[in-house]
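Participant: Could you have a look at this structure, given as structure tokens, before my questions?
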Amino acid sequence: ENEIKERLAPFRDVPVVFISVHDKQRIFKAIEVALQVYENRQRKIKTSKLNEVLLPEIERYSPPSHRGRFISIKFVQQIPLAYPAFAFYCNHPKHIKENYKNYLENRIREHFNFTGVPIAIFFREK
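Written out as structure tokens, the structure reads:
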């Protein structure tokens, strides 16, 4: 399983299920996992819950400053799209780096179980 996940390196959060059609093993497990991923994709989180969980994480590891300008994230909300997308409202959205975006994505996955689902993160000016 680890070898397969290494080969799928950019997609580390994708569930891997080993099945055998010949021996008829774990066929329904693949369907169960697919349904779970579908449920994860449909998950909607209230803005209050997002802020309650993520703002302390942001305070613990705040975005790095850019040329002496401190970046302050005010709040976050889920955007109503067909896939999970989140908007972080801050004072300098253009200066947030990719590694901090990855940090936020990992925190969202850790707290809200979006296993197997791509997450879009946007930064908007408040």
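Numbering (my numbering), first residue to last: 4 to 129.
No residue lacks a Cβ here, since even glycine has one placed at the ideal position from N, Cα and C.
Quick caveat, the model's predicted, so the values are computed rather than measured.
Please return the same chain residues whose Cβ sits closer than 7 Å to the Cβ of Ser75, not counting the five positions on each side in sequence.
Facilitator: Cys93, Asn94
Participant: Count the other CB atoms within 10 Å of the CB of Ile61; is the residue buried (16 or more) or exposed (fewer)?
Facilitator: Residue environment: Ile61 is assigned as buried (16 or more neighbouring CB atoms within 10 Å of its CB, all protein chains considered).
Participant: Can you list the alpha helix (DSSP H) stretches of 4 or more residues lying completely in the segment 23 to 111, in chain order?
Facilitator: 30 to 45, 50 to 63
Participant: Could you check which residue in Leu57, Asp16, Asn102, Pro96 has the C-alpha nearest to that of Pro121?
Facilitator: Asp16
Participant: Between the C-alpha atoms of Val19 and Glu108, what's the straight-line distance to the nearest angstrom?
Facilitator: 20 Å
Participant: Does the count of Cβ pairs from the segment 74 to 88 and the segment 40 to 48 closer than 8 Å reach three?
Facilitator: yes
Participant: Under DSSP, the beta strand (DSSP E) around Phe125 begins and ends at which residues?
Facilitator: 123 to 128
Participant: Just verifying my parser: in three-state terms, what is the DSSP assignment at Arg10?
Facilitator: helix
Participant: State yes or no: is the C-beta of Pro83 within less than 9 Å of the C-beta of Phe126?
Facilitator: No, the pair does not count as a contact, with Cβ atoms beyond the cut-off.
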